[in-house]
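Going from the sequence shown to our numbering is simple: count from 1 and add 315. Where a beta carbon is used, it is the ideal one built from N, C-alpha and C, also for glycine. Have a look at the structure below before the remarks.
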Amino acid sequence: MCSSCVMLFNEKNGSILPEYTDLPTLQKGEILVKNKYTTLCGSDLHTFTGRRKEPSPIVLGHEIVGEILELAQNEPFYDLNGNILKAGDLITWTIFAATESDEFVKDKMPQKSASLFKYGHVQFTEKEKFNGGLGTHCVLKRGTGILKVPLSVDEKFAPIINCAGATAMAAHRLIDEIENKNVLILGAGVLGLIASAIAKQKKAATVTILDIDDTRLENSKSFGADNVYNSLNPIEELTAITSKFYKKGFDIVIDMSGSVEAIKTGLKFSATGAQHIWIGAVTPTENIEINPEVMIRKLLSIKGMHNYNYEDFINAVNFFEDHFTDYPFGTFIEKEFPLQETEKAFQYAIKHKPYRVLITI
Numbered sequence: 316m317c318s319s320c321v322m323l324f325n326e327k328n329g330s331i332l333p334e335y336t337d338l339p340t341l342q343k344g345e346i347l348v349k350n351k352y353t354t355l356c357g358s359d360l361h362t363f364t365g366r367r368k369e370p371s372p373i374v375l376g377h378e379i380v381g382e383i384l385e386l387a388q389n390e391p392f393y394d395l396n397g398n399i400l401k402a403g404d405l406i407t408w409t410i411f412a413a414t415e416s417d418e419f420v421k422d423k424m425p426q427k428s429a430s431l432f433k434y435g436h437v438q439f440t441e442k443e444k445f446n447g448g449l450g451t452h453c454v455l456k457r458g459t460g461i462l463k464v465p466l467s468v469d470e471k472f473a474p475i476i477n478c479a480g481a482t483a484m485a486a487h488r489l490i491d492e493i494e495n496k497n498v499l500i501l502g503a504g505v506l507g508l509i510a511s512a513i514a515k516q517k518k519a520a521t522v523t524i525l526d527i528d529d530t531r532l533e534n535s536k537s538f539g540a541d542n543v544y545n546s547l548n549p550i551e552e553l554t555a556i557t558s559k560f561y562k563k564g565f566d567i568v569i570d571m572s573g574s575v576e577a578i579k580t581g582l583k584f585s586a587t588g589a590q591h592i593w594i595g596a597v598t599p600t601e602n603i604e605i606n607p608e609v610m611i612r613k614l615l616s617i618k619g620m621h622n623y624n625y626e627d628f629i630n631a632v633n634f635f636e637d638h639f640t641d642y643p644f645g646t647f648i649e650k651e652f653p654l655q656e657t658e659k660a661f662q663y664a665i666k667h668k669p670y671r672v673l674i675t676i
């Protein structure tokens, strides 16, 4: 493999080909990282298949772990915990960089900053080359949240923390109270399983996971699910679960699927006072009818969360540092490919639908 190159995705013909290019000179506040591992997120697959539009050509990949090679001179660098960063540190980082003075940053919504820079989402240009995970290197901008990878976490799994892990933690931040509550999670993918494990650690009374894949549903029991329901089956199976609850419905419903039908089911099986957290619908979808009287009389609330903030990222890394061995998180990596076989990795992910494919760089 080359000493410095990227795998460039071109939307026009759907190709992913190597682009050999020299490393840039670091500007003030920048850090040069040697990428080590990148996992293919669902949004990467959506871009590759045309379901999601990003500027092209582009270096995809935002779930990344790498080693610091160089830091811009004349200033110290710190991670989000206040620890000094140095060459040789194994790190992961937020999928975004934002300017500290931005009002969204001050309101703890840096992912919506007007100055937002998103790794793996920026067009490849002469000035912006190494800005994604599917390359040998990445240049980190000022305003990126950086954390060292804990020794207790398998570094091949660690890229997942800075997207799915932190997003699941953001969903839980929106919940007022989860202890002793009955939780429904829509979707048994990586996001749903992480959210389930977090719910169990936060002492939810029960966790139920809904999906259409029996294999994933069975596997979800290893991540804390007390009940599972295949939504292709008769709805009476879900009714049988909620009939055991005092409120005859779910107190908390977290959507990680993006499925309109799943979201409708979650609304239908709401307990009085239920909180709904919507995460999964990040591509264009149809509208959902919601009856205001039902919302009012059942005291329901709905909150949306896109990505996460710095606090969520810190909490996610802490969670996996403490609980990585409590659940089979390492099984998320189902197949590995070298960087030069990136296109083959995408084709495999689309055909076989694994939890995650790992690119080793």
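- With fewer than 16 other Cβ atoms inside 10 Å of its own Cβ, Val609 counts as exposed.
- About 12 Å separates the CB atoms of Ile461 and Tyr434; that is not less than 8 Å, and the two are not in contact.
- Of the candidates Leu532, Arg488, Gly458, Tyr561, the residue whose Cα lies closest to the Cα of Asn495 is Tyr561.
- Cβ neighbours of Val437 within its own chain (closer than 6 Å, five residues either side excluded): Glu443, Asn446.
- Residue ranges of uninterrupted beta strand (DSSP E) with 3 or more members, entirely inside the segment 476 to 509 and ordered along the chain, are 497 to 501.
- Per DSSP, the beta bridge partners of Val672 are Lys650.
- Here DSSP, grouped into helix, strand and coil, assigns Ile406 to strand.
- For His452, the enclosing beta strand (DSSP E) covers residues 452 to 455.
- Take Ala503, set aside five residues on each side of it, and the residues of its chain with a beta-carbon closer than 7 Å to its own are Ile524, Asp526, Asp528, Arg531, Leu532, Ser535, in chain order.
- With a threshold of 16 other beta carbon atoms within 10 Å, Thr364 falls short and is exposed.
- Apart from sequence neighbours up to five positions away, the residues of its chain that approach Ala413 with a beta-carbon distance below 8 Å are Phe419, Val420, Pro425, Gln426, Ser428, Ser430, Leu431, Phe432, Gly458, ordered along the chain.
- In the DSSP assignment, Gln438 is bridged to Ile373.
- 8 Å or more divides the Cβ of Met571 from the Cβ of Leu489.
- Counting C-beta atoms within 10 angstroms of its own C-beta, Cys453 has 16 or more neighbours from the protein chains shown and is therefore classed as buried.
- Remark: three or more beta-carbon pairs, one from each stretch, lie closer than 8 Å, so the segment 631 to 645 and the segment 474 to 483 are flagged as touching.
- The residues Leu341, Ile346, Leu347, Ala402, in chain order, have a CB closer than 8 Å to that of Glu385 in the same chain once the five nearest residues on each side in sequence are set aside.
- Nearest neighbour of Asp637 by Cα position, chosen from Asp469, Asp359, Asp417, turns out to be Asp469.
- Rounded to whole angstroms, the gap between the alpha carbons of Gln388 and Leu455 is 14 Å.
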